[in-house]
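Below is one structure, written out as C-alpha cells; the observations come after it.
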Amino acid sequence: MPFRSQNLLPREQMIELVRLATLAPSEHNTQPWKFSIHGNEVRIFPDFTRRLPIIDPDDHGLYIGLGCALENLLVAARNHGLEAHVEYFPTGEPDECLLVHLDRGKESRDADAFKAIPLRQTTRCSFGERDIPKGDLRRLEAANCFENIHFRLFTEPREILGVMEFVKEASRVQFRNPVFVEELLAWIRFNAKEVSDHQDGLAAPALGLSCTPRWLGKIIMKALATSEKKARMAEKLIRTSSELILFTVEKNDRHHWVDLGRSFERVALTATTLNIKMAHMNMPCEVPQVRRDLQKHLGMDEEQPLLLLRIGYGPDMPRSPRRPVQNVLVG
Ligand SMILES: Cc1cc2nc3c(=O)[nH]c(=O)nc-3n(C[C@H](O)[C@H](O)[C@H](O)COP(=O)(O)O)c2cc1C
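Heads up, the numbering used here is the position in the sequence shown plus 82, with the first residue counted as 1.
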C-alpha cells in the first residue's frame, strides 16, 4: 500500500538516522552500503564495490549487513517518534534498494535498543566464566521476531563441542587458502594512519592486536594465521563462551538474508542492553562443504545455517571505525 506523508521531516533528522544506520555491523567492516534521502524516503543500496568475493561469493553476508543497517535505522526512527513503512527491492526502482518511507506517527519508542546502537560492538576476546541467566537467554531468543529466521541456542557443553569441531575444520580450510588470507589482509587496518585513511575494515586494536607498519603486520598475521593455530584459537575462544547462537534461514535468497540481518541486529542490541558480548564464529557457514556437514549434523534439510556467534561476558574493546555519513550519501 502506498505510504504518503503530509509532513516533510527535517533533512538533519534524516541524516542522523542514516548515521545511526551506519553503526551497524558488516563482514570485515566493509560497510557495503550507500544511502539516499529524498523527502521522507531513505533508500539503502548495496555497494558491490565493497563485496568480498572469496569469503562471501553469493553476497549473503553483504545483504545481512544491509539488514543490520536497516534495523538500526528503524529502531532510531521509532525513537524519533516516526512510523516506518519498508519495501524490499521494489521493482519500480532503477537501482536495487531497500526503501524506507518515514512519517510522524504514534509514539512507540524502544529506548533501550536505541541507546544500544552506538554501544554495540563485536568483542573478539576471551569471555569470563560467568553463566548467562536463563531469563536473559530467553530475552535474546525473543528478540528474533521473524518467522522465517530461526534462532538456535546451544547451551549444553556436548552440543557446543559438537559445533566447535565444524568451526575448527572450516578455519583450517580457510587459512590453508592463500586467496582467503589475502582478502582478509586487504581489509585489516594495521595502524592509525590506515584507519584514518580508510575509516573501514578491521582495525588492529578492535582485533586485539598492537598497531604496526603494514609490512610487519602482514608478516605477523601470516605467522599467526596458520590453519592449525587458527583452529586452536577458535577452540580456545569457544571454550570460554557460555553459549553459541546459530541463525538459519528457510530459503537462501536476498529477502531472507536481509531479514536475518535485521533479526541479528535486534538480538545484538538486546545483548548490549544486557551487557552480554558477542563475537562471530561464522567459519562453518562460509565454507560450502563444512556448511553441508553442519546441516547434516544438526538434522537440517533445506534450512541454511548462515551466522554463528559465541556469547558471554567480557570487557569493552576499542571501537571499529566508520566512514562519515557524507561519504555514504548519494543522490
Ligand atoms: C555477516 C557478518 C559476518 C561477520 N563475520 C565475522 C567473522 O567471521 N569474524 C569476525 O571476527 N567478525 C565478523 N563479523 C563482525 C564484523 O567484523 C564487525 O561487525 C565489523 O568489524 C564492525 O565492528 P563492530 O561490529 O564492532 O561495529 C561479521 C559481521 C557480519 C554482519
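Just so you know, even glycine gets a beta-carbon here, dropped at the ideal spot from N, CA and C. Owing to the predicted nature of the structure, the values given are computational and were not obtained by experimental measurement.
Query	Result
Boundaries of the beta strand (DSSP E) in which Tyr145 is found, first to last residue	Looking at the DSSP string, Tyr145 is not in any beta strand (DSSP E); the run it does join, the alpha helix (DSSP H), is His142 to Asn161.
Residues that DSSP places opposite Ser118 in a beta bridge	Arg125
Classification of Trp297 by the beta-carbon crowding that lies within 10 angstroms, buried from 16 upward	exposed
Contact test: Ile146 Cβ vs ligand 1 heavy atom, cutoff 7 Å	yes
Neighbourhood of Thr205 by C-beta distance below 7 Å, restricted to the same chain and skipping five residues each side	Lys359, Met360, Ala361, Gly396 and Met399
Buried versus exposed, by CB contacts within 10 Å (16 or more), Cys420	Absent from the model: residue 420. The displayed extent of the chain is 83 to 413, so no value can be given.
Distance between beta carbons of Ile97 and Ile119, contact taken as under 8 Å	7 Å
Any 3 or more C-beta pairs closer than 8 Å across the stretch 266-276 and the stretch 219-237	no
beta-carbon Gly143 near ligand 1 non-hydrogen atom, thresh 7 Å	yes
For Leu284, the nearest candidate out of Leu267, Gly413, Asp213 and His232 (CA to CA)	Leu267
Identity of the residue in Ala198, Glu165, Gln371 and Leu411 nearest Leu184 by Cα	Glu165
Exposed unless 16 or more other CB atoms sit within 10 angstroms - verdict on Thr104	buried
Asp192, DSSP secondary structure in three states	coil
The alpha helix (DSSP H) enclosing Lys250, as first and last residue numbers	Pro239 to Arg258
Helix, strand or coil at Ala307 according to DSSP, with G and I counted as helix	coil
DSSP bridge partner residues for Val182 (one or two, in chain order)	Val124 and Val168
Met109: CB within 7 Å of a non-hydrogen atom of ligand 1	The question names Met, but residue 109 in the sequence shown is Glu. Yes, the beta carbon of Glu109 sits closer than 7 Å to at least one heavy atom of ligand 1.
Stretch-stretch touch, CB-based, cutoff 8 Å, three pairs: the stretch 223-232 with the stretch 332-345	yes
Chain-order list of residues whose beta-carbon lies under 6 Å from that of Asn161 (same chain, five-residue window excluded)	Arg191 and Phe196
Close Cβ partners of Arg336 (< 6 Å) along its chain, the five nearest in sequence each way excluded	Tyr145
Expected contact under 8 Å - CB spacing of Leu326 and Phe209 to nearest Å	The Cβ separation is near 12 Å, so there is no contact.
Ser402 CB to nearest heavy atom of ligand 1 below 7 Å	yes
7 Å Cβ shell around Asp282 - same chain, five flanking residues per side excluded	Asn111, Thr112, Gln113, Pro403 and Arg405
Cβ pair Leu102, Asn154 closer than 8 Å	yes
Separation of Pro260 from Gly244, as counted between CA atoms	27 Å
Ordered list of alpha helix (DSSP H) runs contained in the stretch 281-339, each at least 4 residues	296-306 and 309-321
Arg202, DSSP secondary structure in three states	coil
Cβ-based burial, Ala353 [other Cβ within 10 Å; buried from 16]	buried
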